[in-house]
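Trainee:
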Amino acid sequence: MKTEYQDFIAGARGALPILPSVVPFALICSVSAIGVGLNPVQAAGMSFVMFAGASQLALLQLLSEGAHWLVMLVTVWVINLRFTMYSATLAPYLKEEPNWRRLPFVYILSDQAFGVSMVQFSNATPANPAWYYYGAAGIIAMTWVISAIVGALVGAVIPPSWGFEFAFPLSFMALMFAAIKDKPGILAAVIGGGMAVLLRGLPYNLGLILAASLGIAAGMWAEGRVQA
Amino acid sequence: MSELSIWLLFVGAAIGTFALRFSFIYLFGKFEIPPLLQRALRFVPASVLAALVFPALLYPNGIFDFSLHNIHLLAGIGGGIVAWKTKNVLWTLIVGMGLFWVLPLIF
Chain B
14 MKTEYQDFIA
24 GARGALPILP
34 SVVPFALICS
44 VSAIGVGLNP
54 VQAAGMSFVM
64 FAGASQLALL
74 QLLSEGAHWL
84 VMLVTVWVIN
94 LRFTMYSATL
104 APYLKEEPNW
114 RRLPFVYILS
124 DQAFGVSMVQ
134 FSNATPANPA
144 WYYYGAAGII
154 AMTWVISAIV
164 GALVGAVIPP
174 SWGFEFAFPL
184 SFMALMFAAI
194 KDKPGILAAV
204 IGGGMAVLLR
214 GLPYNLGLIL
224 AASLGIAAGM
234 WAEGRVQA
Chain Y
45 MSELSIWLLF
55 VGAAIGTFAL
65 RFSFIYLFGK
75 FEIPPLLQRA
85 LRFVPASVLA
95 ALVFPALLYP
105 NGIFDFSLHN
115 IHLLAGIGGG
125 IVAWKTKNVL
135 WTLIVGMGLF
145 WVLPLIF
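These protein sequence lines map, in sequence, to chains B and Y. Position 127, counted from 1, in the first sequence is what the numbering used here calls 140; the numbers after and before it change by one each time, with no gaps. Position 33, counted from 1, in the second sequence is what the numbering used here calls 77; the numbers after and before it change by one each time, with no gaps.
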């Protein structure tokens with residue numbers, strides 16, 4: 014039987030191959046934050062407070078467009094709704110853990126930490142799965158924060174004329190294609206994107222939330238038809 | 045935005061996100077995800093991200109532009125092909141930003 018410490022180290026090791034994807038994403042978040050006019054402390058602080066890159070980029074884009082603060086918050090929460098799925102999947106492994114120990118690691122739950130842990134758990138569940146998850150989530154979060162600080166320092170010297178805001182739609186596209194798994198997913202993206210173009214004129218960027226809801230509904234409808 | 049409102053925005057975003065992360069870990073054994081919500085969640089990322097991308101490419105500088113003069117659209121399509129093939133943020137950025145800087149020199 015492995016000790017908790019050994020599983021913690023195993024989790025950290027298990028996360029090593031995914032770290033190269035964490036670094037550039039954190040750099041991009043910080044550089045983009047500087048690009049829309051935040052100072053380096055705010056740029057790095059954002060990554061430390063939120064720990065959720067895709068939603069940070071969305072928040073920054075809306076910030077640069079002068080969206081209403083409520084629309085910014087709702088957009089962040091909608092993008093992060095996926096964490097409820099991770100939460101439900103991880104729950105059985107964390108149920109015996111005391112809150113003082115598990116809450117910090119729940120706070121830093123990421124796509125990558127979830128992915129690394131679940132791949133391991135479905136192959137061979139470690140003796141202390143919670144500690145394996147802690148190790149993976151911990152090293153990913155550490156890498157994330159260090160890269161965000163480096164990005165904030167680098168971003169401060171990149172001139173605005175380079176048009177780095179264009180990095181937002183580009184990074185969203187990579188995340189979007191990674192999220193599309195089947196035909197109903199394609200329909201959700203096409204309807205969500207198409208409606209966002211049509212509804213762009215609505216006040217407070219409300220069109221974004223409305224369009225995304227219609228896209229989700231379209232995906233569910235298509236999935237229902239496939240199964241029927 | 046003022047210094048204070050920026051931080052309030054981050055903290056508000058973070059509190060909501062923490063609630064989502066903790067949700068079913070907290071509720072374990074008390075409450076299951078309703079099947080309808082579970083089906084909806086699957087389509088959230090694709091739909092929201094597309095809703096952010098399409099207008100950003102078609103409304104450069106706030107004005108609708110569906111033409112070969114729209115560098116955002118052209119570089120976005122180039123980056124989009126890379127995004128589709130690789131699903132990798134870094135490669136998409138390298139190709140997309142590269143096109144975004146080079147295309148104006150050609151057109």
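We treat Cβ as the ideally placed atom computed from N, Cα and C, and that holds for glycine. Since the structure is predicted, the reported quantities are computational estimates derived from the model, not experimental observations.
For Pro-216/B, which option in Pro-197/B, Glu-78/B and Gln-19/B has the closest C-alpha, if you only look at C-alpha atoms?
Mentor: The sequence position of residue 216/B within the first sequence is 203, counting from 1. Taking only the C-alpha atoms, the option nearest Pro-216/B is Glu-78/B.
Trainee: To the nearest whole angstrom, what separates the beta carbons of Asn-12/B and Asp-20/B, a pair I think is in contact under 8 Å?
Mentor: With chain B represented from 14 up to 241, any question about residue 12/B goes unanswered, as that position is not in the structure.
Trainee: Jot down the residue ranges of each uninterrupted alpha helix (DSSP H) in the stretch 157 to 216 of chain B, minimum 4 residues, whole runs only, in chain order.
Mentor: Here the runs fully enclosed are 180 to 192 and 196 to 211.
Trainee: Applying a beta-carbon distance threshold of less than 7 Å, which residues of chain B neighbour Asn-132/Y?
Mentor: Translated into the one-based positions of the second sequence, residue 132/Y becomes position 88. The answer, in chain order, is Ala-187.
Trainee: Among Trp-175/B, Ala-224/B, Arg-213/B and Ala-39/B, which has the Cα closest to the Cα of Ile-159/B?
Mentor: Here residue 159/B refers to the residue found at position 146 of the first sequence. Considering only alpha carbons, the answer is Ala-39/B.
Trainee: From Leu-76/B to Ile-162/B, what does the alpha carbon distance come to, in whole angstroms?
Mentor: As a working note, residue 76/B is residue 63 in the first sequence. As a working note, residue 162/B is residue 149 in the first sequence. Distance between the alpha carbons of Leu-76/B and Ile-162/B is about 21 Å.
Trainee: Along chain B, which residues have their Cβ under 8 Å away from the Cβ of His-116/Y?
Mentor: Counted from its first residue, the second sequence places residue 116/Y at position 72. Residues of chain B passing the Cβ test: Phe-179 and Pro-182.
Trainee: Assuming Ile-153/B contacts Ser-184/B under a Cβ cut-off of 8 Å, what Cβ separation, rounded to an integer in Å, is found between them?
Mentor: Locating residue 153/B in the first sequence gives position 140, counting from the first residue. Locating residue 184/B in the first sequence gives position 171, counting from the first residue. Actually they are not in contact, since the Cβ atoms of Ile-153/B and Ser-184/B sit about 18 Å apart, beyond 8 Å.
Trainee: The alpha helix (DSSP H) spanning Pro-99/Y covers which residue range?
Mentor: For the purposes of this step, residue 99/Y is taken as the residue at position 55 of the second sequence. It spans 88 to 102 - the alpha helix (DSSP H) in which Pro-99/Y sits, taken as one unbroken run.
Trainee: Should the stretch 39 to 58 of chain B be regarded as contacting the stretch 63 to 80 of chain Y, the criterion being three or more beta carbon pairs within less than 8 Å?
Mentor: The answer is no - the stretch 63 to 80 of chain Y does not touch the stretch 39 to 58 of chain B, with fewer than three Cβ pairs under 8 Å.
Trainee: Hey, Ile-229/B and Ala-201/B: beta-carbon distance below 8 Å or not?
Mentor: As a working mapping, residue 229/B is identified with position 216 in the first sequence. As a working mapping, residue 201/B is identified with position 188 in the first sequence. In this structure, Ala-201/B lies closer than 8 Å to Ile-229/B by Cβ.
Trainee: Do Pro-139/B and Leu-134/Y have their C-beta atoms within less than 8 Å of each other?
Mentor: Counted from its first residue, the first sequence places residue 139/B at position 126. Counted from its first residue, the second sequence places residue 134/Y at position 90. Their beta carbons are not under 8 Å apart, which means Pro-139/B does not touch Leu-134/Y by this criterion.
Trainee: At the level of alpha carbons, what is the spacing between Ala-187/B and Tyr-106/B?
Mentor: By one-based count along the first sequence, residue 187/B stands at place 174. By one-based count along the first sequence, residue 106/B stands at place 93. Approximately 31 Å, taken between the alpha carbons.
Trainee: Within 10 angstroms of the Cβ of Asn-112/B, are there 16 or more other Cβ atoms? Answer buried if so, exposed if not.
Mentor: For the purposes of this step, residue 112/B is identified with residue 99 of the first sequence, where counting begins at 1. So Asn-112/B ends up on the exposed side.
Trainee: I'd like to know whether the C-beta atoms of Ala-57/B and Ala-165/B end up nearer to each other than 8 Å.
Mentor: On the first sequence, residue 57/B is found 44 positions in, with the first residue counted as 1. On the first sequence, residue 165/B is found 152 positions in, with the first residue counted as 1. Yes, the Cβ-Cβ distance between Ala-57/B and Ala-165/B is below 8 Å.
Trainee: Give the interface partners of Leu-73/B over in chain Y, defined as CB-CB distance under 9 Å, in chain order.
Mentor: Position 60 of the first sequence, counting from 1, holds the residue named residue 73/B. Within chain Y, no residue comes near Leu-73/B; the closest Cβ sits about 11 Å away, beyond 9 Å.
Trainee: Say whether chain D places a C-beta atom closer than 8 Å to the C-beta of Val-88/Y.
Mentor: Going by chain labels, chain D is absent from the structure shown, which instead holds the protein chains B and Y.
Trainee: Would you say Phe-134/B lies against chain Y (beta-carbon separation less than 8 Å)?
Mentor: On the first sequence, residue 134/B is found 121 positions in, with the first residue counted as 1. No, Phe-134/B does not count as interfacial toward chain Y.
Trainee: With a Cβ-Cβ cutoff of 8 Å, do Gly-206/B and Val-97/Y count as a contact?
Mentor: Translated into positions along the first sequence, residue 206/B becomes position 193. Translated into positions along the second sequence, residue 97/Y becomes position 53. Contact: yes.
Trainee: In terms of residue numbering, what span does the alpha helix (DSSP H) encompassing Val-239/B cover?
Mentor: Counted from its first residue, the first sequence places residue 239/B at position 226. Run containing Val-239/B: 219 to 240, per the alpha helix (DSSP H) assignment.
Trainee: When you compare only the Cα positions, how much space is there between Val-129/B and Ala-104/B?
Mentor: The residue labelled residue 129/B in the question sits at position 116 within the first sequence. The residue labelled residue 104/B in the question sits at position 91 within the first sequence. Taking the straight line from one Cα to the other gives about 16 Å.
Trainee: If the criterion is Cβ atoms closer than 8 Å, does the pair Leu-143/Y and Gly-122/Y meet it?
Mentor: Numbered from its first residue, the second sequence carries residue 143/Y at position 99. Numbered from its first residue, the second sequence carries residue 122/Y at position 78. Yes.
Trainee: Whose C-alpha, out of Gly-148/B, Ala-169/B, Ala-149/B and Met-59/B, is nearest the C-alpha of Leu-52/Y?
Mentor: As a position in the second sequence, residue 52/Y is number 8, starting the count at 1. Of Gly-148/B, Ala-169/B, Ala-149/B and Met-59/B, the residue nearest in Cα terms is Met-59/B.
Trainee: Taking the alpha helix (DSSP H) that Lys-74/Y falls in, what are its first and last residues?
Mentor: Within the second sequence, residue 74/Y is the residue found at index 30, counting from 1. First-last for Lys-74/Y: undefined, no H or E at that position.
Trainee: So with CB distances below 7 Å, who are the chain Y contacts of Met-59/B?
Mentor: Walking along the first sequence from the start, residue 59/B turns up at place 46. The answer, in chain order, is Phe-54.
Trainee: Looking at the C-beta of Trp-144/B, does it have a partner C-beta in chain Y at a distance below 8 Å?
Mentor: Residue mapping note: residue 144/B aligns to position 131 of the first sequence, counting from 1. With 8 Å as the cut-off, Trp-144/B does not count as an interface residue toward chain Y.
Trainee: Please tell me whether Leu-221/B and Thr-97/B are closer than 8 Å, where the distance is taken between their beta carbons.
Mentor: On the first sequence, residue 221/B is found 208 positions in, with the first residue counted as 1. On the first sequence, residue 97/B is found 84 positions in, with the first residue counted as 1. No, Cβ-Cβ distance for Leu-221/B and Thr-97/B is not below 8 Å.
Trainee: State the CB to CB distance for the pair Ala-25/B and Gly-151/B, rounded to an integer number of angstroms; the pair is presumed to be in contact (CB under 8 Å).
Mentor: Taking the first residue of the first sequence as position 1, residue 25/B is located at position 12. Taking the first residue of the first sequence as position 1, residue 151/B is located at position 138. With a Cβ gap of about 7 Å, Ala-25/B and Gly-151/B count as contacting.
Trainee: 8 Å is my cut-off, CB to CB: does Pro-79/Y come that close to chain B?
Mentor: In the second sequence, counting from the first residue as 1, residue 79/Y sits at position 35. Not one chain B Cβ lies under 8 Å of Pro-79/Y.
Trainee: From the DSSP output, in three-state form, read off Val-49/B for me.
Mentor: Numbered from its first residue, the first sequence carries residue 49/B at position 36. The answer is coil: DSSP assigns Val-49/B none of H, G, I, E or B.
Trainee: Put Asn-93/B into one of helix, strand or coil per three-state DSSP.
Mentor: Here the question's residue 93/B lines up with position 80 in the first sequence. Coil, per DSSP.
Trainee: Buried or exposed for Met-45/Y, going by 16 or more other Cβ atoms inside 10 Å?
Mentor: Within the second sequence, residue 45/Y is the residue found at index 1, counting from 1. Exposed, because fewer than 16 other Cβ atoms sit within 10 Å of the Cβ of Met-45/Y.
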